[in-house]
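Read the structure below first, then the notes.
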Amino acid sequence: MIHSTRLNHLAIICDGNRRWAKSQGKPIFWGHQTGVKRIPELIDASLKNQIKYLTFWIFSTENWDRTQTEITSLFKLFKSSFRKFQKEAQKKQVRARFIGDTTKIPQDIQDIIRKIENETKDFDCLTVTFALNYGGRDELIRSIKKYSLAVEKGQEKIDDLTPNVFGRYLDTQGLPDPDLVVRTSGEHRLSGFLPWQTNYSELYFPSVHFPEFDATQLQLAVDEFNSRQRRFGK
13 MIHSTRLNHL
23 AIICDGNRRW
33 AKSQGKPIFW
43 GHQTGVKRIP
53 ELIDASLKNQ
63 IKYLTFWIFS
73 TENWDRTQTE
83 ITSLFKLFKS
93 SFRKFQKEAQ
103 KKQVRARFIG
113 DTTKIPQDIQ
123 DIIRKIENET
133 KDFDCLTVTF
143 ALNYGGRDEL
153 IRSIKKYSLA
163 VEKGQEKIDD
173 LTPNVFGRYL
183 DTQGLPDPDL
193 VVRTSGEHRL
203 SGFLPWQTNY
213 SELYFPSVHF
223 PEFDATQLQL
233 AVDEFNSRQR
243 RFGK
């Protein structure tokens, strides 16, 4: 049987900031700044399309391999951007979630994101999730460790393990799986993004870099999704 569903959860791999900056003859950081400025526009476009869940992968576990100068600049940008987002989230009744191993990021940013999560936990117009220091294999390892600890404590029984039970130990616990994953820059791979959760996700690979991925580009992605028929393996 062919299933057809509306776009409920859109996930975006924010790729190409650095390449776009270089193509414009600008410093790499300018690309990151421009990319971050796209996020409020994409939130508004998602609200317009009645999308209930929107996820951005903004920093991967592999990004630590970049220069210390770039990493420091990125976290300064995240700090200022999250503070701006904090005000916008209140205004638009948007809930915020952060996934990934956030224990490894600077403490001041940890404090900010926990405050934002707490302040917005009761909002339900849209849930915006930021994948920060996220890697798919890292998430699975951390989830297995959490589940194993629960078994040791007698909170779980190994014979009762099912995909739904294991899902409670993932970073995305409480979030639906993505219906559509968009990776900008035309790269045709997910690079470990939500490997458990994207089993039946539709994939879309626009050639534009993330700083160019505006509301019009998002609408093209939505229209493409709506033209597809989802079979969920059947």
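According to the working numbering, the sequence shown holds residues 13 to 246 in order. In this text, a Cβ means the ideal position worked out from N, Cα and C, and glycines have one as well.
Inter-residue Cα distance where the pair is residue i and residue j
i, j, result
"Q209", "L182", "9 Å"
"I104", "D171", "The sequence given here places Lys at residue 104; Ile does not occur at that position. One C-alpha to the other measures close to 44 Å."
"H15", "R240", "Bear in mind that the predicted position of H15 carries a pLDDT of just 41, short of 50, making it unreliable; the figure below should be weighed with that in mind. In a straight line, the C-alpha of H15 is about 10 Å away from that of R240."
"R18", "T81", "42 Å"
"P175", "I153", "15 Å"
"D113", "Q231", "31 Å"
"Y212", "P188", "12 Å"
"E151", "K38", "34 Å"
"K127", "K133", "10 Å"
"S35", "D27", "14 Å"
"R78", "G147", "15 Å"
"R50", "G179", "31 Å"
"G198", "H21", "21 Å"
"Y159", "S203", "24 Å"
"F41", "K165", "47 Å"
"Q119", "R95", "15 Å"
"Q167", "Q45", "45 Å"
"R31", "T84", "19 Å"
"E129", "P207", "24 Å"
Beta-carbon gap between residue i and residue j smaller than 7 Å
i, j, result
"F110", "I125", "yes"
"F217", "H200", "yes"
"A101", "A227", "no"
"W69", "I25", "yes"
"P190", "A23", "yes"
"I117", "K91", "no"
"N145", "F205", "no"
"L215", "V234", "no"
"G140", "S93", "Just to set this straight, residue 140 is Val in the shown sequence, not Gly. Their beta carbons are not under 7 Å apart, which means V140 does not touch S93 by this criterion."
Residues bridged to residue i [DSSP beta-bridge criterion]
i, result
"V106", "L138"
"L89", "The partner list for L89 (beta bridge, DSSP) is empty, contrary to what the question assumes."
"W69", "I25 and A143"
"Y212", "Its beta-bridge partners do not exist; DSSP assigns none."
"I111", "A143"
"L192", "L22 and E214"
Assumed close pair residue i, residue j - CB separation to whole angstroms, cut-off 8 Å
i, j, result
"F225", "T196", "5 Å"
"G43", "N29", "4 Å"
"A143", "T67", "6 Å"
Burial state of residue i (16 or more Cβ within 10 Å)
i, result
"R107", "buried"
"K88", "exposed"
"L138", "buried"
"L86", "buried"
"R243", "exposed"
"K169", "exposed"
"S219", "exposed"
"L54", "buried"
"I156", "exposed"
"K64", "buried"
"T115", "exposed"
"T184", "buried"
Any non-hydrogen atom of the ligand NAD within 6 Å of residue i CB
i, result
"A162", "In terms of ligand content, the structure shown is empty, and the ligand NAD therefore cannot be addressed."
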